[in-house]
Amino acid sequence: MSQKYPAFLASAWTEWLAADPDSPAAAEKIALMPATFAAKRDQLPETILGKAGFFLLDLSVPIVEGTYAAALSSTNCALSAAESITQSSVSRPPSAFALCRPPGHHAGREIAGGYCFLNNAAIAAQWLTRFGNVAILDVDYHAGNGTQDVFYNRRDVLTISIHADPAFEYPYYAGYVNETGADDDLGFHHNFPLPAGTDDAAYLPTLDQALALVREFAPAHLVVSAGMDTYEGDPLGRFKITRQGIAEIGRRINALGLPTAITMEGGYNTDALGENVAAFLENFV
Numbered sequence: 010m011s012q013k014y015p016a017f018l019a020s021a022w023t024e025w026l027a028a029d030p031d032s033p034a035a036a037e038k039i040a041l042m043p044a045t046f047a048a049k050r051d052q053l054p055e056t057i058l059g060k061a062g063f064f065l066l067d068l069s070v071p072i073v074e075g076t077y078a079a080a081l082s083s084t085n086c087a088l089s090a091a092e093s094i095t096q097s098s099v100s101r102p103p104s105a106f107a108l109c110r111p112p113g114h115h116a117g118r119e120i121a122g123g124y125c126f127l128n129n130a131a132i133a134a135q136w137l138t139r140f141g142n143v144a145i146l147d148v149d150y151h152a153g154n155g156t157q158d159v160f161y162n163r164r165d166v167l168t169i170s171i172h173a174d175p176a177f178e179y180p181y182y183a184g185y186v187n188e189t190g191a192d193d194d195l196g197f198h199h200n201f202p203l204p205a206g207t208d209d210a211a212y213l214p215t216l217d218q219a220l221a222l223v224r225e226f227a228p229a230h231l232v233v234s235a236g237m238d239t240y241e242g243d244p245l246g247r248f249k250i251t252r253q254g255i256a257e258i259g260r261r262i263n264a265l266g267l268p269t270a271i272t273m274e275g276g277y278n279t280d281a282l283g284e285n286v287a288a289f290l291e292n293f294v
């Protein structure tokens with residue numbers, strides 16, 4: 010990743026406020042959102058609106074005054090979790106949960122999208138590669154397209170995403186089963202797209218396939234992108250995973266016996282979110 014994208018995130022708000030300060034609309038600036046999007050990404054424009062269309066994938070990532078600070082804090086939370094699993098003195102494989110907000114798995118090397126600005130799980134995984142190979146398992150309802158983008162031509166980081174079929178669900182243009190890696194690194198990314206209405210009985214065998222790939226890869230550390238929007242009552246999801254199913258997902262992942270950093274991704278049923286997270290984590294405690 011070049012420094013252009015982080016530099017954009019760091020300066021976008023102030024740069025936007027400084028643009029056309031004498032405009033009648035200047036006092037009404039609330040959030041930076043692009044008016045157009047890059048059809049190709051060969052040339053970075055000079056204007057702030059042009060940069061926004063270049064670096065922001067969709068309209069779900071408006072930039073406000075505190076965006077960069079929040080994204081950076083979220084990533085630091087994930088890095089703290091990653092560091093903690095390398096320093097634990099407990100006898101069993103350690104685990105740590107990073108309550109990341111904003112989430113991260115839709116953010117790519119140089120692009121924000123899907124409420125995500127910096128890819129917390131990917132940055133944590135990259136830090137962990139100093140200790141050996143790393144696997145990332147994404148169990149959010151939506152495909153981890155940003156994580157796929159970051160590691161698509163890498164073989165030291167195995168990336169796996171179990172998600173709603175992008176043929177009918179965001180992010181639409183990535184997350185298909187035939188996307189398995191680039192060039193000589195084929196086979197180090199795996200997508201498991203599932204249909205609407207997927208329930209515990211359909212989901213768990215797919216999870217077992219993904220876990221078998223992790224075991225075969227034998228990573229030194231595991232990073233889990235834990236989305237709770239697979240839950241049957243989530244307003245942005247169309248799966249039918251029960252709370253018991255969420256607990257079983259956590260149990261089977263924990264049974265890998267790997268040092269595990271867990272980053273929070275989606276989950277939009279706020280009434281059930283806390284209990285769902287607790288159910289997922291209960292086997293890691």
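Going letter by letter, the sequence shown gives residues 10 to 294 in this note's numbering. Note that beta-carbon positions come from the ideal geometry of N, C-alpha and C, so glycine has one too. None of these values were measured; they are calculated from a predicted model.
Quick check: the Cα distance between residue i and residue j, rounded to an integer number of angstroms?
| i | j | result |
| --- | --- | --- |
| Phe-289 | Glu-74 | 33 Å |
| Ala-176 | Asn-128 | 23 Å |
| Asp-174 | Glu-274 | 18 Å |
| Ala-90 | Ala-183 | 28 Å |
| Arg-163 | His-172 | 21 Å |
| Glu-241 | Lys-60 | 38 Å |
| Ala-27 | Leu-213 | 51 Å |
| Ser-234 | Glu-24 | 32 Å |
| Asn-278 | Asp-243 | 5 Å |
| Phe-106 | Gly-283 | 13 Å |
| Phe-293 | Lys-13 | 38 Å |
| Ala-47 | Asp-193 | 29 Å |
| Cys-109 | Cys-86 | 6 Å |
| Pro-102 | Lys-38 | 49 Å |
| Pro-15 | Ala-270 | 24 Å |
| Ala-287 | Glu-55 | 46 Å |
| Trp-22 | Met-237 | 31 Å |
| Gly-155 | Tyr-161 | 10 Å |
| Asp-158 | Glu-188 | 11 Å |
| Thr-251 | Gly-259 | 13 Å |
| Leu-137 | Asp-29 | 44 Å |
| Tyr-181 | Asp-280 | 28 Å |
Exposed or buried, which one is residue i when buried takes at least 16 other CB atoms within 10 Å?
| i | result |
| --- | --- |
| Tyr-296 | Summary: the structure shown does not reach residue 296, with the chain confined to residues 10 through 294, and so no result is reported for it. |
| Glu-257 | buried |
| Asp-31 | exposed |
| Leu-65 | buried |
| Glu-291 | exposed |
| Tyr-179 | buried |
| Ser-11 | exposed |
List the endpoints of the continuous beta strand (DSSP E) containing residue i.
| i | result |
| --- | --- |
| Leu-216 | Segment 209-226 is the alpha helix (DSSP H) holding Leu-216; no beta strand (DSSP E) there. |
| Asp-147 | 143-147 |
| Thr-269 | 269-273 |
| Ile-171 | 166-173 |
| Leu-203 | 198-203 |
Where do the N-terminal and C-terminal ends of the alpha helix (DSSP H) with residue i fall, by residue?
| i | result |
| --- | --- |
| Ala-281 | 279-290 |
| Thr-156 | 154-160 |
| Pro-15 | 13-27 |
| Asn-85 | 76-96 |
| Ala-235 | Segment 230-235 is the beta strand (DSSP E) holding Ala-235; no alpha helix (DSSP H) there. |
| Asn-334 | Residue coverage of the chain in this structure runs from 10 to 294, which leaves residue 334 outside it and unanswerable. |
Return the residue from the list the options that minimises the CA-CA distance to residue i.
| i | options | result |
| --- | --- | --- |
| Arg-50 | Ile-57, Lys-38, Leu-58, Phe-63 | Phe-63 |
| Gly-254 | Gln-218, Phe-106, Asp-209 | Asp-209 |
| Asp-67 | Cys-125, Pro-112, Ala-19, Ser-20 | Cys-125 |
| Asn-263 | Arg-224, Ala-121, Glu-92 | Arg-224 |
| Ile-169 | Ala-87, Thr-251, Leu-195, Thr-84 | Leu-195 |
| Glu-92 | Leu-231, Val-286, Thr-239 | Leu-231 |
| Leu-216 | Asp-149, Thr-269, Thr-272, Ala-270 | Asp-149 |
| Gly-141 | Gly-155, Glu-55, Tyr-161, Leu-267 | Leu-267 |
| Ala-191 | Val-70, Leu-167, Pro-180, Glu-178 | Leu-167 |
| Ala-227 | Gly-122, Val-143, Pro-112 | Val-143 |
| Ala-133 | Thr-84, Asn-285, Gln-218, Ala-281 | Thr-84 |
Using 8 Å as the threshold, is the region 196-205 in touch with the region 111-125, meaning 3 or more CB pairs across them?
no
Can at least three beta-carbon pairs, one atom from the region 247-256 and one from the region 65-80, be found at a separation below 8 Å?
no
With a cut-off of 8 Å, do at least 3 Cβ pairs link the region 35-44 to the region 93-100?
no
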